[in-house]
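Trainee:
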Amino acid sequence: MANVVSLPGRSWLPPLHYRDWFSYAVTNPKQAAVNAYLAYKLIWYTLRFTRHLAIQGVAGTCRYLYQSTANWVVKSLRTLPGADRMVHQQVSKTIASIEKQVAPDIPGLATYTALPAHGLSDDQVVQELNRRHQLDTRWQSGKQSGTVYHGGEELGALVAKAYAMFSVANPLHPDVFPGLRKMEAEVVAMVLQMYNAPPEAGGTTTSGGTESIIMSVRAHLVWARQCNGVGSHPEMVVPVTVHAAFEKAAEYFGITLIQVPVDAVTQKVDLTSVKRAISRNTIM
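For the record, in the sequence shown the residue sitting at position 220 is 220 according to UniProt numbering, with numbers rising by one throughout.
Here it is, written out as structure tokens:
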């Protein structure tokens, strides 16, 4: 059977027979390197598209292609003379409208944008706090959802007393604040017991939900690299409805975020898509 031979410099496709490829690479190293790179990128994009199709399905992939194309068109149009200025004007109008709704100018209410030349008295500080407190929505009426986590006025008063006692305590110095260290350790132990954690498990407290998610992602990343052989391309599989803190963590730590669809009615994640999305680089 005759070997397939490509004329040097005439085709971007490499020869099909390895002996011809070796001879071609020796006589045309620059073009051979270009061919190898193009072949690599072709395979990489093909595998990427195939995986995206398996995870998102035909409809999801079509939506992704449509959104990507639309974004590219918008970015291209913004490079035209005057187009970016028009977009900036519309964005400025939208920002002004949002500021008017969320942060309007309130007559009679002082605005502090720099440290005052002379500090306020205790009474003045309390007055300023009361004025701002009166601006809050009356969430006690029960018309707010997912905003306030409240356990009753008695618990609120107890929390205020506890905070007053430890407001200046620094948990980074357990030798100076041993009582704070003990309470933190006990809280962590309670949570570990709730989740049936093994005896060697540990934990720490954070400032809130967002930091908790970010710290959890980092813990999974460190474990995956040290114990599971994950290299320089870690991935995280999440539903499209995931908390925004996961996107922040992915950006912070260089993790590829793979979003899988949810059912339009039940809002439950598609487990088949999750299974297809898991790879050797998945950290969580």
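A virtual CB, placed ideally from N, CA and C, is assigned to each residue, including glycine.
The structure presented is a predicted model; accordingly, all values stated were derived computationally and were not measured.
Nearest CA to the CA of Thr-204: which residue from Leu-221, Glu-186, Glu-153, Pro-198?
Mentor: The option with the nearest alpha carbon to Thr-204 is Glu-186.
Trainee: Cβ of Phe-177 within 8 Å of Cβ of Ala-169?
Mentor: Yes, the Cβ-Cβ distance between Phe-177 and Ala-169 is below 8 Å.
Trainee: If Ile-213 sits next to Val-237, beta carbons under 8 Å apart, how far is it from one beta carbon to the other, in whole angstroms?
Mentor: Contact doesn't hold; Cβ gap of about 15 Å is too wide.
Trainee: On the DSSP bridge assignment, give the partners of Pro-239 in chain order.
Mentor: Beta-bridge pairing links Pro-239 to Val-260.
Trainee: Could you give the first and the last residue of the continuous alpha helix (DSSP H) run that contains Phe-246?
Mentor: Run containing Phe-246: 244-253, per the alpha helix (DSSP H) assignment.
Trainee: Starting from Asn-196 and walking both ways along the alpha helix (DSSP H), at which residues does that stretch end?
Mentor: It is not in any alpha helix (DSSP H) - Asn-196 carries neither H nor E in the DSSP assignment.
Trainee: Please determine, among Gly-151, Arg-132, Trp-44, the residue with the shortest C-alpha to C-alpha distance to Gln-140.
Mentor: The residue with the shortest Cα to Cα distance from Gln-140 is Gly-151.
Trainee: Which word fits Leu-135, buried or exposed, when buried means at least 16 other C-beta atoms lie within 10 angstroms of its C-beta?
Mentor: Result: exposed.
Trainee: Give every residue of the same chain whose Cβ lies closer than 6 Å to the Cβ of Val-126, excluding the five residues on either side of it in the sequence, and list them in chain order.
Mentor: Correct list: empty, nothing qualifies.
Trainee: Out of curiosity, what's the CA-to-CA distance linking Ala-250 and Thr-256?
Mentor: So the alpha carbons of these two residues sit roughly 6 Å apart.
Trainee: Among Val-240, Arg-78, Gly-202, Trp-44, which has the Cα closest to the Cα of Val-274?
Mentor: Per the Cα distances, Val-240.
Trainee: By DSSP's criteria, Val-269 is part of a beta bridge. Which residues make up the other side?
Mentor: Answer is Val-262, bridged to Val-269.
Trainee: Let's test the definition: count the other Cβ atoms within 10 Å of the Cβ of His-220 and tell me whether it reaches 16, buried, or not, exposed.
Mentor: The residue in question, His-220, is buried, as its Cβ has 16 or more Cβ neighbours within 10 Å.
Trainee: Evaluate Pro-234 with the Cβ neighbour count: other Cβ atoms within 10 Å of its Cβ, from every protein chain shown; 16 or more gives buried, anything less gives exposed.
Mentor: It counts as buried.
Trainee: So, for Phe-166: in the same chain, excluding its five sequence neighbours on each side, which residues have a beta-carbon less than 7 Å away from its beta-carbon?
Mentor: Counting only Cβ-Cβ distances below 7 Å, and skipping sequence neighbours, we find Leu-180.
Trainee: The alpha helix (DSSP H) spanning Gly-60 covers which residue range?
Mentor: Looking at the DSSP string, the run of the alpha helix (DSSP H) that includes Gly-60 is 29-78.
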